[in-house]
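Quick note: to get our numbering, add 22 to the position in the sequence shown (first position is 1).
Glycine included, C-beta positions come from ideal geometry on N, C-alpha and C.
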Amino acid sequence: MFADRAKIILISGKGGDGHVSFRRDNYVPDGGPDGGDGGRGGDVILRVDEGMNTLIDYRHKRKFAAGNGQEGGKKNCRGKDGEDIVLRVPRGTLVTDAVSGKVIVDMSGNCTEYKILSGGKGGLGNQHFATSTMQAPKYAQPGQPAKEAEVQLELKLIADVGLIGYPSVGKSTFLKAVTNAKPEIADYHFTTLSPNLGVVDLGDGNSFVIADIPGLIEGAAEGSGLGLSFLRHIERNKLLIHVLDAASVEGRDPLEDYHKINAELSKYGEKVSGIPQVVAANKADIIPAEPEAIDLDEDGELIYAQDPVTRIKEALEPAGIPVFAVSAATGQGMQELMHYIYARLQQLPREDTIFETEYDPDTALQFANDPFTVRYDDESKEYILEGPRIEKMLGYTNLESERGFVFFQNFLKDTGILEQLEKLGIQDGDTVRMYGFTFDYYK
Ligand SMILES: Nc1nc2c(ncn2[C@@H]2O[C@H](COP(=O)(O)OP(=O)(O)OP(=O)(O)O)[C@@H](O)[C@H]2O)c(=O)[nH]1
Ligand SMILES: [Mg+2]
């Protein structure tokens with residue numbers, strides 16, 4: 023199985039508490055404070071392992087915790103530091119926050135190691151708290167708490183070429199024909215559930231990686247069919263082979279499919295709609311050799327259907343989209359297309375897209391214990407949320423996006439803000455203000 027995503031929980035180590043103790047020497051009746059500091063909690067670190075190519079290891083275990091720092095001891099003994107935990111991931115792993123979907127880090131390019139959560143600092147022992155007026159402090163600092171984050175790991179296929187198209191047009195058959203991959207092939211829609219990878223080897227060391235993407239349909243950009251999850255994979259493709267069923271096995275017009283799918287790609291964004299495409303007019307082996315009579319004209323003469331490949335070529339080639347008639351089943355036209363694709367790839371830029379960090383859980387969680395207030399303002403007739411906790415949340419949440427809004431709703435619930443607003447008597451339609459941002463409350 024090709025495990026290309028996993029959701030896991032990461033926990034950094036808690037800092038060890040500082041210790042309270044006093045020197046007890048046979049000859050010194052009232053020894054000074056000698057409580058040691060707590061040890062540092064372990065960090066959670068991600069590291070690229072070049073030998074790995076799946077996330078399957080993360081399917082079996084869900085929780086990964088670093089070690090806690092030990093408490094300080096007597097005689098100024100410092101507690102032992104907690105052990106760091108290092109999670110090995112394949113190159114090209116995209117790490118996102120499981121709740122907001124924001125990018126935490128893209129383990130590609132130069133990024134081979136990333137500290138995702140740092141362990142809590144150890145607390146200071148009571149030796150640090152002695153002053154001229156307080157010589158026997160009974161106080162030591164507690165260690166900083168552990169941090170916990172749920173993250174999604176996603177292996178972004180680094181395929182140069184992606185096969186896209188409507189379900190059952192023959193994408194997997196295509197992949198199987200040109201690589202040693204063994205994808206499932208069947209005549210029902212959505213046979214392919216996650217992308218399959220294969221290497222096209224043209225000899226003389228000339229090769230490229232090609233990915234078979236699950237079928238796309240109208241509404242894919244809004245989540246229809248298998249939805250969005252794999253549209254992301256396409257982002258890194260340099261070239262797309264748009265597979266059409268030129269024989270209209272299911273009765274659809276291949277050109278209509280072509281336009282519908284491109285409309286979905288445009289809705290998803292420029293990152294995918296801007297990738298150059300080459301059309302593979304597939305199933306050429308079952309296009310009738312003799313043109314089919316489809317109607318009679320006014321004089322009773324038979325009207326013949328235009329050859330579908332010619333029709334596709336005439337529609338797309340003037341727009342600069344090359345069209346190749348192929349049969350993934352018989353291999354007809356496939357070699358020619360593969361050589362063309364290889365030549366095209368040589369002309370395209372080589373660098374990979376790297377996703378920028380949008381959210382840093384280490385910093386965000388640092389403020390998890392910061393204060394906030396909830397109050398009603400008589401003058402403006404608004405409910406006001408204030409305090410460092412709110413400010414920081416606003417700083418790392420994009421409330422304009424759907425995911426950001428879901429994250430924000432959970433934040434209101436988890437922090438108990440919702441409950442407090444209800445206690446203050448909030449009603450549907452009332453306004454809530456958080457600094458520059460306002461929203462209307464609805465239960
Ligand atoms: N005659 C003929 N049949 C083909 C050709 N390519 C694919 N098929 C058939 O079309 C059906 C669908 O093929 P798949 O390769 O599973 O299609 P897909 O595009 O990967 O479909 P999804 O994974 O569901 O999106 C299968 O029954 C194939 O045998 C071809 O070139 N000629
Ligand atoms: Mg398939």
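- If you look at Met356, you'll find it in the alpha helix (DSSP H) that goes 356–369.
- Residue pairing from DSSP leaves Asn75 without any beta-bridge partner.
- Under the 8 Å Cβ criterion, the segment 63–82 counts as touching the segment 161–179, having at least three qualifying pairs.
- The three-state reading of DSSP puts Thr379 in coil, since its state is none of H, G, I, E or B.
- Within the DSSP bridge table, the entry for Tyr136 names Leu68 as partners.
- With respect to the C-alpha of Phe394, the residue from Glu72, Leu407, Pro383, Glu401 having the closest C-alpha is Leu407.
- With three or more CB-CB distances shorter than 8 Å, the segment 25–37 counts as touching the segment 84–95.
- Gln449 counts as exposed, since fewer than 16 other beta carbons sit within 10 angstroms of its beta carbon.
- Taking C-beta atoms under 8 Å as the contact rule, Asp79 and Gly147 fail to qualify, at a distance of about 40 Å.
- Of all alpha-carbon atoms in Ile309, Pro310, Ala327, the one lying nearest the alpha-carbon of Ile316 is that of Ala327.
- In the pairwise beta carbon analysis, the segment 117–132 is classified as not touching the segment 95–108: fewer than three pairs are separated by under 8 Å.
- Around the CB of Tyr362, fewer than 16 other CB atoms lie within 10 Å, so the residue is classed as exposed.
- When the Cα atoms are used, Glu257 and Val294 turn out to be separated by approximately 5 Å.
- Linking Glu424 to Glu292 through their CA atoms gives a straight-line distance of about 19 Å.
- Residue pairing by DSSP puts Leu407 in a beta bridge opposite Val396.
- At least one heavy atom of ligand 2 sits closer than 8 Å to the Cβ of Glu206.
- Counting only residues of its own chain and dropping the five nearest sequence neighbours on each side, Arg69 has a CB closer than 6 Å to the CB of Val108, Arg110, Glu135.
- Val173 sits buried, since 16 or more C-beta atoms from the chains shown fall within 10 Å of its C-beta.
- Contact between Leu139 and Pro383 is confirmed by a C-beta separation of about 6 Å, below the 8 Å threshold.
- The way I'd put it, the segment 221–238 does touch the segment 181–190; three or more beta-carbon pairs between them come closer than 8 Å.
- Rounded to whole angstroms, the separation of the alpha carbons of Asn284 and Gly91 is 54 Å.
- With a threshold of 16 other beta carbon atoms within 10 Å, Met156 falls short and is exposed.
- With respect to the 9 Å criterion, Asp128 and Phe377 are classified as neighbours on the basis of their beta carbons.
- When secondary structure is reduced to three states using DSSP, Tyr464 falls in the coil class, being assigned neither helix nor strand.
- His264 sits in a strand when the DSSP states are folded into three classes.
- In terms of Cα proximity to Glu380, the closest of Gly227, Thr352, Met415 is Met415.
- Collapsing the DSSP output to three states places Lys160 in coil.
- Minimum Cα-Cα distance from Asp267 among the listed residues Thr437, Ser349, Lys178 corresponds to Ser349.
- Only residues of its own chain outside the window of five on either side were considered, and among them Lys305, Ile308, Ile309 have a CB closer than 6 Å to the CB of Ala269, listed in chain order.
- For Arg333, the enclosing alpha helix (DSSP H) starts and ends at 330–338.
- In terms of CA proximity to Arg411, Ala386 leads the group Gly426, Ala386, Phe427.
- Boundaries cannot be given for Asp226, as no beta strand (DSSP E) includes it and DSSP labels it neither H nor E.
- Pairing Tyr210 with Val222, the inter-Cα distance amounts to about 26 Å.
- For Asn304, the enclosing beta strand (DSSP E) stretches over residues 299–304.
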